[in-house]
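>
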Amino acid sequence: SSGINAEWPLRPGGRASYNHSGLLIATHSDARGTVCDDSFSDLSAAAICNKMGYSCAGEWSHGRKWSIQDSYAIALDNVECSSESFEECSYATTHNCGHSEDVFLSCGNCSSGFEFSLVNSEGRPSYD
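If you number the sequence shown the way my numbering does, the last residue is 128 and the count never jumps.
(1) Pop quiz: Met52 and Cys89 are said to be a contact at Cβ under 8 Å. What is the actual Cβ separation, rounded to whole angstroms?
(2) Applying the criterion that 16 or more other CB atoms from any shown protein chain within 10 Å of the CB defines a buried residue, is Glu87 buried or exposed?
(3) In three-state terms, what does DSSP make of Leu43?
(4) If you scan the segment 51–111 from start to end, which runs of the alpha helix (DSSP H) of 4 or more residues do you find wholly inside it?
(5) Hey, how far is the Cα of Ser83 from the Cα of Ala45?
(6) Give me the residue from Cys97, Ser121, His28, Asp30 with the minimum Cα distance to Arg64.
(7) According to the Cβ coordinates, are Gly109 and Tyr54 closer than 7 Å?
(8) Near Gly33, which residues of its chain fall below 6 Å by C-beta distance, leaving aside the five closest residues on each side in sequence?
(9) Comparing alpha-carbon positions, which option in Ala31, His28, Ile48, Ala92 lies nearest Val22?
(10) Along the chain, where does the beta strand (DSSP E) containing Val35 start, and where does it finish?
(11) Considering only residues of the same chain and omitting the five flanking positions on each side of Trp66, which have a CB-CB separation below 7 Å?
(12) Given this structure, state the Cα-to-Cα distance separating Asn78 from Ala92, to the nearest angstrom.
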C-alpha cells in the first residue's frame, strides 16, 4: 500500500488541536523512508496532513532529532505542492539529502467555529 504517515504516534482564525506529530515517513510500493525538506512548504505540510485524514497542518521543521532516523532510507525529496491536495504535488524519489533535512510534521483537526447542516421546509434535518 502507499501512503504517508507521521511515525510515532493553518488555517487563520480557526481553532486547532495539533496532537499528532512526528517524523514524516512516506511509504510507496516497497519503499519506505523519510521526507527531505527541499522545496517543502506550508502547502506541502497541509497536503500531506490532509492525505493522512487531518484537516490542518501545524508547524513543521527539519533536523536530525532522533536516532531512529538513521534506520530509514530517504524516500522523497522536492515535495512541492500547488494546493492542499497531495494530488497537486510533485516530488522526486531520488534525493540529494542527509537526515539533517528530514521533515517533522504536526497535524490535527481544525475548526472555523462554524458547523453546518441542512434542514427541510419544516426545519427538520434533511439527509437527502
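All C-beta atoms, glycine included, are put in the ideal place defined by N, C-alpha and C. All values reported here derive from a predicted model rather than from experimental measurement.
Checking against the coordinates, here is how it stands:
(1) Between Cys89 and Met52 the Cβ distance is about 13 Å, and since that is not below 8 Å, they are no contact.
(2) exposed
(3) helix
(4) none
(5) 10 Å
(6) Cys97
(7) Note on identity: in this sequence residue 109 is Asn, with Gly being the wrong assignment. Taking 7 Å as the Cβ cut-off, Asn109 and Tyr54 qualify as a contacting pair.
(8) Tyr72, Ala73, Ile74, Ala75
(9) The identity of residue 22 in the sequence shown is Gly, whereas the question assumes Val. Per the Cα distances, Ile48.
(10) 31–35
(11) Leu23
(12) 6 Å
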